[in-house]
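Undergrad: What follows is a single structure, and I will ask about it in a moment.
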Amino acid sequence: MEKRICILAGDGIGPEVTSEAVRVLDAVAEKFGHTFSYEHIDIGGCSIDKYGVPITDENMGRCKAADAVLLGAVGGPKWDLCPADIRPEKALLAVRKELGLFANLRPTKLFQELASASPLKPEVIGCGIDLMIVRELTGGIYFGKRSTVERDGELVASDVMEYSEHEIERIGRVAFETARRRNRRLASVDKANVLDTSRLWREVMHRLAAEYPDVSYTDILVDNCAMQLIRNPAQFDVIVTENMFGDILSDEASMLTGSIGMMPSASLSADGPGMYEPIHGSAPDIAGQDIANPLGTILSASMMLRYSFGMGTEADAVETAVSAVLNAGYRTGDIMQEGCTRVSCSKMGELVSEML
Ligand code: NAD
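Here the sequence shown is numbered in the working numbering, starting from 20 and rising by one per residue.
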């Protein structure tokens, strides 16, 4: 297959970790006979420095025309004082909006080799953690009407949470299809005992559940889900939820593995290119030192292979290679353990490529 990938390396450690993901993609291309071409595009602080905006219209057009987009991270202290409308993070919201990325997929997988990094007790993680959170990304309270007005001598603020049936249905379908590709269990998270949006959410999910009889479906209230993620994360396979609940629960889940540098994510649209990125930021404290952990970005590239290119075997090969490198005792500084060999960012990328 031939695929064109936009690389948005961004700021801080972004260029370091994306370089290693590209190295691994090149190894995949060689091993499986594909051709990947790359277009490098400025985003975030580096784009502000060059063009005065966090992403130019022309570069946005290039992203739209690609088969997939791989992002490093944006931001850093240098741009903290930029006016709100040209801050680096603005580019991320703009790309999500322009590409129609309504579904955010965040896997939380504990590599057994890193079990001691988890804040959970060994008996809780004994059964392993391997779950996927499917979060609605372009609706709900973050996109509703907001206002702050003065009333009776004090300020009153409000944010409106709104969901339409079609928004719920399209994220629901992504979740059911994702469950089908995994262990066929889906938990839908809401607050249907209080919120109207949640009651509609539940109604639409139940309609969909009837179309997917092969997926075992359950409803769970968001407060209970937050608790169950800590009590017994192994009970979950796929979790689907609205934007704000997903924002909070996916950060909670990412901590279960104890290592932010390991966590990938995918954001998908109905028919355009998907965007793949590690969940960490630009880590200015360690940028330019070749010590960042590139595995979150490498695993994001693996999600790209699986979800945008339909290359499941290739994605499995990348994940197996990552496991094998960890199993052989290689660690970047953030996941370093006694008795292991500490390696740089670039060495880690090289080891995964060689293992492939
Ligand atoms: P961060 O994720 O950049 O860093 C938090 C801590 O984790 C730091 O100590 C950092 O060194 C460490 N860390 C992060 N990624 C690592 C990796 N791959 N390997 C080893 N260690 C790693 O979060 P922050 O410090 O809150 O934010 C820094 C900048 O990144 C800010 O400007 C913020 O706005 C931006 N940010 C961007 C994104 C994004 O681009 N998607 C996400 C979050 C934060």
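Glycine included, C-beta positions come from ideal geometry on N, C-alpha and C.
Closer than 7 Å to a non-hydrogen atom of ligand 1 - does that hold for the CB of PRO283?
TA: On the sequence shown, residue 283 is found 264 positions in, with the first residue counted as 1. No - ligand 1 has no heavy atom lying nearer than 7 Å to the Cβ of PRO283.
Undergrad: Looking only at its chain, what residues have a beta carbon closer than 6 Å to the beta carbon of PRO378, apart from the 5 residues adjacent to it on each side?
TA: Given that the chain is displayed from residue 20 to residue 375, the structure contains no residue 378 and the question cannot be resolved.
Undergrad: Buried or exposed for ARG125, please, with buried defined as at least 16 other CB atoms from any protein chain shown within 10 angstroms of its CB.
TA: Your numbering for residue 125 matches position 106 in the sequence shown. By the 10 Å Cβ count, ARG125 comes out buried.
Undergrad: Find the nearest neighbour of LYS210 within the set SER301, ILE32, ILE239, ILE249, judged by alpha-carbon distance.
TA: Within the sequence shown, the letter at position 191 stands for residue 210. With distances taken between Cα atoms, LYS210 lies closest to ILE239.
Undergrad: Secondary structure at ASP76, three-state DSSP: helix, strand or coil?
TA: Here the question's residue 76 lines up with position 57 in the sequence shown. Reduced to three states, the DSSP call for ASP76 is helix.
Undergrad: How is GLY91 classed by DSSP in three states: helix, strand or coil?
TA: For this step, residue 91 is matched to residue 72 along the sequence shown. Reduced to three states, the DSSP call for GLY91 is strand.
Undergrad: Mind checking who PHE55 pairs with in its DSSP beta bridge?
TA: Counted from its first residue, the sequence shown places residue 55 at position 36. Per DSSP, LYS22.
Undergrad: To the nearest angstrom, how far is the alpha carbon of HIS53 from that of ASP86?
TA: Taking the sequence shown and counting its residues from 1, the one referred to as residue 53 is at position 34. Taking the sequence shown and counting its residues from 1, the one referred to as residue 86 is at position 67. About 14 Å.
Undergrad: Look up ALA84 in the DSSP assignment and give the residues it is bridged to.
TA: For the purposes of this step, residue 84 is identified with residue 65 of the sequence shown, where counting begins at 1. According to DSSP, ALA84 bridges with nothing at all.
Undergrad: From ASP171 to SER183, what distance separates their C-alpha atoms?
TA: Along the sequence shown, one-based indexing puts residue 171 at 152. Along the sequence shown, one-based indexing puts residue 183 at 164. Distance between the alpha carbons of ASP171 and SER183 is about 33 Å.
Undergrad: Looking at the secondary structure, which residues open and close the alpha helix (DSSP H) in which LEU248 lies?
TA: Position 229 of the sequence shown, counted from the first residue, corresponds to residue 248. In the DSSP assignment, LEU248 falls within the unbroken alpha helix (DSSP H) covering 241 to 250.
Undergrad: Which first and last residues belong to the beta strand (DSSP E) in which MET294 is found?
TA: Walking along the sequence shown from the start, residue 294 turns up at place 275. First-last of the beta strand (DSSP E) with MET294: 293 to 297.
Undergrad: CB-CB under 7 Å to LYS69, same chain, minus the five flanking residues each way: which ones, in chain order?
TA: Here residue 69 corresponds to residue number 50 of the sequence shown, with the count starting at 1. Counting only Cβ-Cβ distances below 7 Å, and skipping sequence neighbours, we find ASP61.
Undergrad: Whole beta strand (DSSP E) runs in the segment 197 to 283 with 3 or more residues, listed along the chain?
TA: Taking only runs of at least 3 residues, the beta strand (DSSP E) segments lying wholly in the segment 197 to 283 are 204 to 209, 235 to 240, 257 to 260.
Undergrad: Give the DSSP-derived three-state secondary structure of GLY172 in the structure shown.
TA: Here residue 172 is taken as the residue at index 153 of the sequence shown, counted from 1. Assignment of GLY172 by DSSP, reduced to helix, strand and coil, places it in the coil class.
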